[in-house]
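Position 287, counted from 1, in the sequence shown is what this note's numbering calls 544; the numbers after and before it change by one each time, with no gaps.
Okay, structure first, notes after.
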Amino acid sequence: MKLIDLHCDTLTGLKRRNQVLRENNMHLDLMKMKKGDQLVQCFAVFVHQKHCVDNGISPYDFYKEHKDLFYREMEANRDLIAPAFSSADILRNQENGLMSGILTIEAGEPLEGKTERVEEFKKDGVRMITLTWNFENEIGFSNLTGGHLKPKGREIVDAMNQLGVLVDVSHLSDEGFWDCIELAGNRFPVVASHSDARALCNHTRNLTDDMLKALGNTDGVVGINYCADFLTEGSKDATMEAVLNHALHLIDKAGVDHVAFGSDYDGIGSTLEWKDVSGTPELLEYMHKKISWEDLEKITHKNVLRVFS
Ligand SMILES: [Zn+2]
């Protein structure tokens, strides 16, 4: 079954480890995606604030370098994948026998507090921005510290909503989450690209039942994260049973139309029972024990296609 994955850190991994997208020894490459019947991969430019400072590069320049890498990889592998900027592009690529890559940004630091950069990044092809990673930035605060969106952050979120760049609340503080729900005002979808259920695993990276309901009410989606720390307290192994349990809980609280996948491949150190992206069919087959194929179709791709459109 075709799967759309809302988040991976592969792009940053490629550059750091000097590897290529076509075939590598990480969780995700094009050969493994093909084997796993992947439809779309969102490729995040993961911007680590401290790494930028330590290496004397601005978050903006760091983003530019990785954006260029994304397009170089798309071009070098045009027999397998093409960039997509909308649901229509995804379907067109699929008709042409191609997978799709969507450019996203994890952590709002490259905006450097400049609201006009939302439009610039949209022109670059960016379709989703995770507002923070683990650090405070010009937009707001992470789950580690808590705190409301800053005035500039509210302005940036408004601009993203108006321009159609998805607001991703994974990593954001609880206060910031509720600010985004308020700003969305049931007119714009709010997305948590890679977060699980806090009721099953008490971690602030996960969402409470009230948050899941509110996110569902905006018509957004929450992407199931495969990180063992967010699936099972005290575990280093991501099991198919844990993924299924979180999926069932997310479906129960957010609604079956508001659940998706956000693997976090190449951003997590956990051992995965299904190994990597090539093992997706095995994972889905297991999930079918308790979820119908009709509902799995929604979770794997239909829900995200709706949000992207
Ligand atoms: Zn992340």
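For each residue, glycine too, the CB sits at the ideal point set by N, CA and C.
Quick caveat, the model's predicted, so the values are computed rather than measured.
Within the same chain, show all residues whose beta-carbon is closer than 8 Å to that of Leu505, passing over the 5 residues directly before and after it, in chain order.
So the list reads Lys547, Ile548, once near-sequence residues are dropped.
Stretch pair the segment 511-518 + the segment 470-489: three plus CB contacts closer than 8 Å:
yes
Just checking His405 against ligand 1 - is the residue's beta carbon closer than 7 Å to any of the ligand's heavy atoms?
No.
Which runs of the alpha helix (DSSP H) spanning at least 4 residues fall entirely within the segment 439-503, listed in chain order?
466-474, 485-488
Could you check what DSSP says for Ala511 in three-state terms: helix, strand or coil?
helix
Taking Ala301 as part of the alpha helix (DSSP H), name the residues at either end of that continuous run.
Note, Ala301: premise wrong, no alpha helix (DSSP H); beta strand (DSSP E) at 295-303.
List the residues that DSSP assigns as beta-bridge partners of Pro367.
Within the DSSP secondary-structure output, Pro367 pairs in no beta bridge.
Alpha-carbon spacing of His460 relative to Ala485, whole angstroms
11 Å
For a test of your reading of the model: does the CB of Gly524 fall under 7 Å from any non-hydrogen atom of ligand 1? Yes or no.
yes
Can you tell me whether Pro367 is buried or exposed? The criterion is at least 16 other CB atoms within 10 Å of its CB, across all chains shown.
buried
Going by the DSSP bridge assignment, what does Thr267 pair with across the sheet?
BP columns for Thr267 are empty, so no partner.
Just to confirm the assignment, what range does the alpha helix (DSSP H) spanning Met385 have?
Per DSSP, Met385 belongs to no alpha helix (DSSP H); it is in the beta strand (DSSP E), 383-387.
Looking only at its own chain, which residues have a Cβ that is under 8 Å from the Cβ of His405, when we skip the five neighbours before and after it?
Gly397, Phe398, Ser430, Glu432, Gly433, Asp436
Simplified DSSP state of Gly358, which is helix, strand or coil
strand
With 16 as the cutoff for other CB atoms within 10 Å, does Pro316 come out buried or exposed?
buried
May I ask you to check if the CB of His428 is nearer than 7 Å to at least one heavy atom of ligand 1?
yes
Burial state of Thr402 (16 or more Cβ within 10 Å):
exposed
Could you tell me whether any non-hydrogen atom of ligand 1 is closer than 7 Å to the CB of Glu363?
yes
Taking 7 Å as the line, does the beta carbon of Asp521 fall inside it for any heavy atom of ligand 1?
Checking the Cβ of Asp521 against ligand 1 gives yes.
Can you tell me whether DSSP reads Phe518 as helix, strand or coil?
strand
C-alpha distance - Ser527 paired with Asp533, whole-angstrom precision:
11 Å
Cβ distance (whole Å) where Leu440 is taken to contact Met385 below 8 Å:
That belief does not hold up - the Cβ atoms of Leu440 and Met385 are roughly 16 Å apart, past 8 Å.
What are the partner residues of Val424, as DSSP defines its beta bridges?
Ile386, Val447
Straight-line CA distance for Leu457 to Leu507?
Distance between Leu457 and Leu507, taken at the CA atoms: about 10 Å.
Between which two residues does the alpha helix (DSSP H) carrying Ala341 extend?
Note, Ala341: premise wrong, no alpha helix (DSSP H); not H, not E.
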